[in-house]
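Colleague: Counting from 1, position 48 in the sequence shown corresponds to residue 48 in UniProt numbering; the numbering is continuous, with no gaps. We treat Cβ as the ideally placed atom computed from N, Cα and C, and that holds for glycine.
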Amino acid sequence: MRPGPENQPIKAFPKGLRMVAGDTNRRTYNSSDFTNQAVSFVCLDYNTNHGSDPDWAERPNFFDHNCPDGMRAQVFFPSCWDGVNLDSADHKSHLAYPIQNYNSGDCPDSHPVHLVSLFYEMLVSVDQYSYWGPGTWVLANGDTTGYGHHGDFQNGWDIDLLQEAIDTCTAANGNVMDCPPLAAVFDQASADACTLETDIVDENIGLDSPITQLPGCNPFWDGTGTKPACPNANAATPSLVAAQPPLPSGWNEIGCIAEGTNGRALTGASTTSPNMTKAVCADFCASKGFKLAGVEFSDECYCDNQVRNGASQNTITWNLCSNHCSGNENEICGGPARLTLLTASGVPAQASSVSSTVQPSVTTNVAIPVSVSSTHASSAVTTSVHSASATSSSAHASSPSSTGLPLGWAGIGCVSDSSARALTGFSVANDQMTVASCLSTCASKGFSIAGVEYGRECYCGNSFSNSQGKSLAAPTCNIACAGDKTSTCGGGWALNAFKFNQVNVALPSVSAPASSASAAKPSASVSTPSNSTASLPSGWTAIGCRKDNVKGRALNVDAFTSVSTMTIESCVAHCDSLGHTLAGLEYARECYCGAAFTNGGGAVLADSACNMACTGDSGTVCGGADALTVFQKGASVGARRSHKARHFGRAHQHSDLF
Numbered sequence: 001m002r003p004g005p006e007n008q009p010i011k012a013f014p015k016g017l018r019m020v021a022g023d024t025n026r027r028t029y030n031s032s033d034f035t036n037q038a039v040s041f042v043c044l045d046y047n048t049n050h051g052s053d054p055d056w057a058e059r060p061n062f063f064d065h066n067c068p069d070g071m072r073a074q075v076f077f078p079s080c081w082d083g084v085n086l087d088s089a090d091h092k093s094h095l096a097y098p099i100q101n102y103n104s105g106d107c108p109d110s111h112p113v114h115l116v117s118l119f120y121e122m123l124v125s126v127d128q129y130s131y132w133g134p135g136t137w138v139l140a141n142g143d144t145t146g147y148g149h150h151g152d153f154q155n156g157w158d159i160d161l162l163q164e165a166i167d168t169c170t171a172a173n174g175n176v177m178d179c180p181p182l183a184a185v186f187d188q189a190s191a192d193a194c195t196l197e198t199d200i201v202d203e204n205i206g207l208d209s210p211i212t213q214l215p216g217c218n219p220f221w222d223g224t225g226t227k228p229a230c231p232n233a234n235a236a237t238p239s240l241v242a243a244q245p246p247l248p249s250g251w252n253e254i255g256c257i258a259e260g261t262n263g264r265a266l267t268g269a270s271t272t273s274p275n276m277t278k279a280v281c282a283d284f285c286a287s288k289g290f291k292l293a294g295v296e297f298s299d300e301c302y303c304d305n306q307v308r309n310g311a312s313q314n315t316i317t318w319n320l321c322s323n324h325c326s327g328n329e330n331e332i333c334g335g336p337a338r339l340t341l342l343t344a345s346g347v348p349a350q351a352s353s354v355s356s357t358v359q360p361s362v363t364t365n366v367a368i369p370v371s372v373s374s375t376h377a378s379s380a381v382t383t384s385v386h387s388a389s390a391t392s393s394s395a396h397a398s399s400p401s402s403t404g405l406p407l408g409w410a411g412i413g414c415v416s417d418s419s420a421r422a423l424t425g426f427s428v429a430n431d432q433m434t435v436a437s438c439l440s441t442c443a444s445k446g447f448s449i450a451g452v453e454y455g456r457e458c459y460c461g462n463s464f465s466n467s468q469g470k471s472l473a474a475p476t477c478n479i480a481c482a483g484d485k486t487s488t489c490g491g492g493w494a495l496n497a498f499k500f501n502q503v504n505v506a507l508p509s510v511s512a513p514a515s516s517a518s519a520a521k522p523s524a525s526v527s528t529p530s531n532s533t534a535s536l537p538s539g540w541t542a543i544g545c546r547k548d549n550v551k552g553r554a555l556n557v558d559a560f561t562s563v564s565t566m567t568i569e570s571c572v573a574h575c576d577s578l579g580h581t582l583a584g585l586e587y588a589r590e591c592y593c594g595a596a597f598t599n600g601g602g603a604v605l606a607d608s609a610c611n612m613a614c615t616g617d618s619g620t621v622c623g624g625a626d627a628l629t630v631f632q633k634g635a636s637v638g639a640r641r642s643h644k645a646r647h648f649g650r651a652h653q654h655s656d657l658f
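1) Would you identify the three-state DSSP class for N496, choosing helix, strand or coil?
2) Return the chain-ordered list of same chain residues with a C-beta closer than 8 Å to the C-beta of N556, the five sequence neighbours on each side being excluded.
3) Residue ranges of each beta strand (DSSP E) run of no fewer than 3 residues wholly in the region 128 to 206, ordered along the chain?
4) Excluding sequence positions up to five away, which residues of its chain have a Cβ less than 7 Å from the Cβ of P112?
5) With 16 as the cutoff for other CB atoms within 10 Å, does S402 come out buried or exposed?
6) Helix, strand or coil for H94? Go by DSSP, reduced to three states.
7) Should P537 go down as buried or exposed, given a rule of 16 or more other Cβ atoms within 10 Å for buried?
8) Do you know whose CA, among G156, V138, L17, lies nearest N61's CA?
9) Quick one: residues in its chain with C-beta nearer than 7 Å to the C-beta of T581, no 5 flanking neighbours on either side, listed in chain order?
10) Just curious, the beta strand (DSSP E) that E300 is in, first and last residue?
11) For G455 and C489, what's the separation of their Cα atoms in angstroms?
12) Are the region 256 to 273 and the region 298 to 307 in contact at 8 Å, needing three or more beta carbon pairs?
13) Quick check: what's the CA-CA separation for P78 versus A21?
14) Return the residue from the list W540, Y587, L161 that minimises the CA-CA distance to F560.
15) Looking only at its own chain, which residues have a Cβ that is under 6 Å from the Cβ of Y120, when we skip the five neighbours before and after it?
16) Relative to the C-alpha of N252, which candidate in P274, S117, W409 has its C-alpha closest?
17) Please report the Cβ distance between G335 and D33, rounded to the nearest whole angstrom; I am assuming they are in contact, meaning their Cβ atoms lie under 8 Å.
18) Taking D143 as the reference, which of T237, G616, P228 has the closest Cα?
19) Going by alpha carbons, who is nearest to T198 out of A171, G411, F426?
20) Hey, out of P248, S326, D90, whose CA is closest to S345's CA?
21) Distance, Cα to Cα, K15 vs E296?
22) Count the other CB atoms within 10 Å of the CB of P181; is the residue buried (16 or more) or exposed (fewer)?
23) In whole angstroms, what separates the C-alpha of S190 from that of T441?
24) Write down the C-beta distance between L240 and I211 rounded to the nearest angstrom, noting that I regard them as a contact closer than 8 Å.
25) Beta-carbon separation of G263 and C303 under 8 Å?
26) Classify T267 as helix, strand or coil using the three-state DSSP reduction.
27) Tell me which same chain residues have a C-beta within less than 6 Å of the C-beta of S416, skipping the five on either side of it?
28) State the CB to CB distance for the pair R59 and L123, rounded to an integer number of angstroms; the pair is presumed to be in contact (CB under 8 Å).
29) Grab the span of the alpha helix (DSSP H) containing D45 for me, first residue to last.
30) Going by the DSSP bridge assignment, what does L342 pair with across the sheet?
31) Pairing CB atoms from the region 432 to 439 with CB atoms from the region 457 to 465, are three or more of them under 8 Å?
32) For L196, which residues from the same chain have a beta carbon less than 7 Å from its beta carbon, with the 5 sequence-adjacent residues on both sides left out?
33) In whole angstroms, give me the CA-to-CA distance for G619 and I568.
34) Expressed to the nearest angstrom, what Euclidean distance is found between the alpha-carbon atoms of D283 and I412?
35) Pull up the distance between the alpha-carbon of S273 and that of V39, whole angstroms please.
36) Assuming V630 and R553 make a contact with CB atoms under 8 Å, what is their CB distance in whole Å?
Written as C-alpha cells, this is what we have:
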C-alpha cells in the first residue's frame with residue numbers, strides 16, 4: 001500500500017462499493033488501454049528460470065504451451081473512485097485507473113479518491129492435463145483466448161479495520177501477521193470452518209466427472225464472427241438449491257463437541273461413507289433407533305442415545321469443527337476428534353445416569369448434552385464473507401419445547417432492526433429459510449440470539465446492537481418464511497427473535513498427563529509457542545505453527561501417535577532418527593515427519609492456532625486442530641512458493657487483497 005506520486009492519501013473501500021474489472025465479452029487486446037493491461041496470465045515453472053524467454057513472459061491471453069506448475073490468472077482493479085457512487089450501470093464508470101499506469105499513479109480529477117489497490121490472482125492447475133494446442137483451455141464463459149477473464153468485487157471489509165491497516169502496515173512481504181491490525185483479528189480456524197450457506201445453482205459443473213458443455217450453456221467463442229447462441233435454446237433454466245440441504249424432519253444441530261477422553265462419545269452404531277453429510281448421518285442413526293448423531297473427520301458417522309466415555313457435554317468453539325463433509329463440501333462434518341452433534345426432537349434433557357450398555361430400541365430416559373455452550377474468539381474477524389465477534393456464552397438445554405422450536409430455544413417476540421443491524425455476529429439468506437434452520441445455524445456458530453427477517457434472512461448474535469431489538473407489535477412481523485409458508489419470518493426491518501436459555505462460558509480443555517517416557521535431550525534449546533523450553537537434537541529449530549491438511553497431510557512420510565506420552569523431544573528425535581528434516585506435532589498426541597510440506601499444507605498460522613498441550617508434557621504445545629507445531633533441521637525448507645504468496649508482477653509492488 002503506497003500513496004500516489006503526489007502523496008495522495010490511500011483510502012479504504014467505502015461501505016457497499018461494487019465494481020468489475022475486465023470484460024467477459026472481450027476477445028482482443030489493446031496494449032494502450034489500462035483496462036486491457038490490468039488482466040494477465042503467468043505460466044509457472046518453479047524449477048526453471050525463463051526470465052529471458054518471451055514465450056514465458058506475462059501476457060494478456062492464454063499461453064501456447066503447458067505450464068509445469070500451473071497458470072496464474074490475474075486481475076488488477078481500478079483504484080480511483082469518483083467519491084459519490086457506490087456502483088454504476090456497467091459496474092465500472094464510477095471508478096478509473098490512475099493516469100500514469102493501471103497499477104500506480106495520480107488519480108484523475110473526475111475520480112479524485114485514491115483507494116487501496118485490489119489485485120486478484122487465481123491458480124489454475126493446467127499442468128494436470130495434456131496440452132494439444134490452441135483451444136486446449138477455455139474459461140467458464142466460453143472464452144478460448146483468455147482476454148475475457150474478469151473479476152467482480154463487493155466490499156465486505158470492516159472499514160475502520162481496513163483503514164487502520166492501510167495507515168499502519170508498511171511491510172512489503174504480504175504476510176498478514178506482519179500487519180498488527182490484521183494479525184490481531186486473524187483466525188485461521190474460523191476461516192477453515194467457514195461454509196457457503198446461500199443457495200447454489202443445481203447444475204452439473206464437472207466436479208465429479210467430465211461434462212459435455214460448459215455450465216450456463218456457454219458455447220466456445222474465440223471472437224470470430226458473432227458470439228454463438230446457446231445451442232439448446234429450450235433448455236430449462238437451472239433452479240437454485242440450498243448449499244446445505246436441511247436435516248431430516250425432527251432433527252436439529254446442537255454444535256461442535258469434543259470426542260471422548262477414553263473412548264468414543266457415541267458408541268451405539270457407526271458408519272463411514274464417501275458421500276457423508278449431516279443428513280445422511282441423521283438418517284442412518286434414525287434407522288438404527290438412535291436420537292443422537294455425530295459426524296466426524298468428514299466421512300464418519302456415530303450414533304447413540306447418550307454421550308459417553310468422558311466426552312465433553314458442552315459445545316466447544318464452533319470453528320474447531322472445520323472438516324468439510326465428504327459428500328458436500330459446503331457442509332461441516334466435525335473435525336479431528338471433534339463431532340458435529342445432531343439430535344432428534346423429543347429427547348428428555350438428561351438421564352439420571354449414563355448406562356454402559358446400548359439399547360438401540362430405547363426412546364426414553366436418554367441424555368443429550370447437559371449444556372450447549374457457544375464460544376467465539378473475541379474479535380474473530382477474517383477476510384471471509386462473515387465476521388463474528390460474539391461474547392463468550394453458553395446455553396443450557398432445557399426440556400423439549402412445546403412450541404416446536406429446537407431444544408432450549410424460546411421466542412422473544414417481534415423486535416426492531418435497521419440497516420446497521422440488531423444482530424451483527426453472523427448472517428445468511430436463502431430461499432429455504434425456516435425458523436428452525438435459522439436457530440440451528442446460530443447455535444452451531446455459537447450464538448444465543450437468532451432472528452429471522454423479510455422471509456429469507458437469518459441473523460445471529462449474543463445481544464442486540466445499534467439501539468435495536470426494541471419490542472414491536474406482533475403484526476409488524478408478517479412475512480411468511482421462504483421455506484415454510486405456515487410460519488412467520490419477520491417483516492420489513494422487523495425480526496422474529498429467539499433466545500437460547502442461560503449464558504455461560506464452556507471452553508475445551510486438554511488433558512496432559514505427565515510423560516512416562518523421556519527422549520534423549522541434547523544441548524539445543526528453543527522457545528515453544530507456550531513460552532516453555534524444549535530440548536532438541538542438534539541442528540533442529542522451531543519454525544512455528546503451520547497449517548496441516550487432514551485429507552492428505554502436510555508431512556506424510558512417517559507418523560506415530562502417543563495418547564499419554566507425546567513430547568516435542570520424542571517426536572523430533574523419532575523424525576531425526578529416520579533422516580527426516582521436518583517434524584510436526586498435532587492435536588496433542590500426533591507426530592508427523594517429512595522433508596517438505598505436501599498437499600497444500602505448511603502455510604504459516606497464528607501461534608494461537610497451536611493451542612493443545614502435549615500429552616506427555618503439559619508445559620509445551622503440540623499443535624492444535626489441523627495445525628502443526630513444526631521443527632526443522634538444517635537449512636530452510638526448499639518448498640515451492642505458496643499459491644497465496646505475494647505477487648510482484650511486472651517489476652512493481654502492490655497490495656493483494658482477497
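Modeller: This is what the structure gives:
1) Numbered from 1 along the sequence shown, position 496 holds the residue referred to as residue 496. DSSP places N496 in strand when its eight states are reduced to three.
2) Taking the sequence shown and counting its residues from 1, the one referred to as residue 556 is at position 556. Cβ within range, chain order: Y592, G594, T598, N599.
3) Considered as a whole, the region 128 to 206 harbours 150 to 154, 199 to 201 as its complete beta strand (DSSP E) runs of no fewer than 3 residues, in chain order.
4) Taking the sequence shown and counting its residues from 1, the one referred to as residue 112 is at position 112. Non-local beta-carbon contacts of P112 in its own chain, meaning distances under 7 Å to residues more than five positions away in sequence, involve G83 in chain order.
5) Working through the sequence shown from its first residue, we reach residue 402 at position 402. In this prediction, S402 scores a pLDDT of 39, lower than 50, which makes its location untrustworthy; the coordinate-derived value is nonetheless stated afterwards. In the assembly as shown, S402 is an exposed residue. Its beta-carbon has fewer than 16 other beta-carbons within 10 Å.
6) Mapped onto the sequence shown, residue 94 falls at position 94. If DSSP states are grouped into helix, strand and coil, H94 belongs with coil.
7) The count along the sequence shown starts at 1 and reaches residue 537 at position 537. That one is buried.
8) Here residue 61 is taken as the residue at index 61 of the sequence shown, counted from 1. Cα-wise, what sits closest to N61 is V138.
9) Indexing the sequence shown from 1 puts residue 581 at position 581. Counting only residues of its own chain and dropping the five nearest sequence neighbours on each side, T581 has a CB closer than 7 Å to the CB of A595, Q632, K633, G634.
10) If you number the sequence shown from 1, residue 300 lands on position 300. Its beta strand (DSSP E) spans residues 300 to 304.
11) To locate residue 455, count along the sequence shown from 1; it is residue 455. To locate residue 489, count along the sequence shown from 1; it is residue 489. Their backbone Cα atoms lie some 5 Å apart in a straight line.
12) Yes, they touch.
13) Counting from 1 along the sequence shown, the entry for residue 78 is found at position 78. Counting from 1 along the sequence shown, the entry for residue 21 is found at position 21. Spanning the two alpha carbons is a distance of roughly 7 Å.
14) Here the question's residue 560 lines up with position 560 in the sequence shown. The option with the nearest alpha carbon to F560 is Y587.
15) What you label residue 120 is simply residue 120 of the sequence shown in a count that begins at 1. Contacts found: V75, G151.
16) Working through the sequence shown from its first residue, we reach residue 252 at position 252. If we check each option's Cα against that of N252, W409 comes out closest.
17) In the sequence shown, residue 335 corresponds to position 335, counting from 1. In the sequence shown, residue 33 corresponds to position 33, counting from 1. 48 Å between Cβ atoms; not a contact.
18) The residue you call residue 143 lines up with position 143 of the sequence shown. The shortest C-alpha to C-alpha distance from D143 to any of T237, G616, P228 is the one to P228.
19) As a position in the sequence shown, residue 198 is number 198, starting the count at 1. Among A171, G411, F426, the Cα nearest to that of T198 belongs to F426.
20) For this step, residue 345 is matched to residue 345 along the sequence shown. Of P248, S326, D90, the residue nearest in Cα terms is P248.
21) As a first step, residue 15 must be located in the sequence shown, where it is residue number 15. As a first step, residue 296 must be located in the sequence shown, where it is residue number 296. Approximately 38 Å between the Cα atoms of the pair.
22) Start at 1 with the first residue of the sequence shown, and residue 181 comes out as number 181. Classification for P181: buried.
23) Taking the first residue of the sequence shown as 1, we reach residue 190 at position 190. Taking the first residue of the sequence shown as 1, we reach residue 441 at position 441. Looking at the two C-alpha atoms, the distance is approximately 15 Å.
24) Locating residue 240 in the sequence shown gives position 240, where the first residue counts as 1. Locating residue 211 in the sequence shown gives position 211, where the first residue counts as 1. L240 to I211, Cβ: 19 Å. No contact.
25) For the purposes of this step, residue 263 is taken as the residue at position 263 of the sequence shown. For the purposes of this step, residue 303 is taken as the residue at position 303 of the sequence shown. C303 is positioned such that its CB atom lies no closer than 8 Å to that of G263.
26) In the sequence shown, counting from the first residue as 1, residue 267 sits at position 267. T267 falls in the coil class under three-state DSSP.
27) Stepping through the sequence shown from its first residue, residue 416 is reached at position 416. Cβ neighbours of S416 beyond the five flanking positions: Q468, K470, L472.
28) Here residue 59 is taken as the residue at index 59 of the sequence shown, counted from 1. Here residue 123 is taken as the residue at index 123 of the sequence shown, counted from 1. Actually they do not touch by this definition, with Cβ atoms about 17 Å apart.
29) Residue mapping note: residue 45 aligns to position 45 of the sequence shown, counting from 1. Where D45 is concerned, there is no enclosing alpha helix (DSSP H), given that its DSSP letter is neither H nor E.
30) Here residue 342 refers to the residue found at position 342 when the sequence shown is read from its first residue. Beta-bridge analysis with DSSP links L342 to E253, A293.
31) Segment contact: the region 432 to 439 against the region 457 to 465, three or more CB-CB distances shorter than 8 Å; contact assigned.
32) Indexing the sequence shown from 1 puts residue 196 at position 196. The residues are A243, N330.
33) By 1-based counting over the sequence shown, the position of residue 619 is 619. By 1-based counting over the sequence shown, the position of residue 568 is 568. When the Cα atoms are used, G619 and I568 turn out to be separated by approximately 11 Å.
34) The residue you call residue 283 lines up with position 283 of the sequence shown. The residue you call residue 412 lines up with position 412 of the sequence shown. Rounded to whole angstroms, D283 to I412 spans 32 Å at the Cα level.
35) Against the sequence shown, residue 273 aligns to sequence position 273. Against the sequence shown, residue 39 aligns to sequence position 39. Distance between the alpha carbons of S273 and V39 is about 42 Å.
36) For the purposes of this step, residue 630 is identified with residue 630 of the sequence shown, where counting begins at 1. For the purposes of this step, residue 553 is identified with residue 553 of the sequence shown, where counting begins at 1. Contact doesn't hold; Cβ gap of about 13 Å is too wide.
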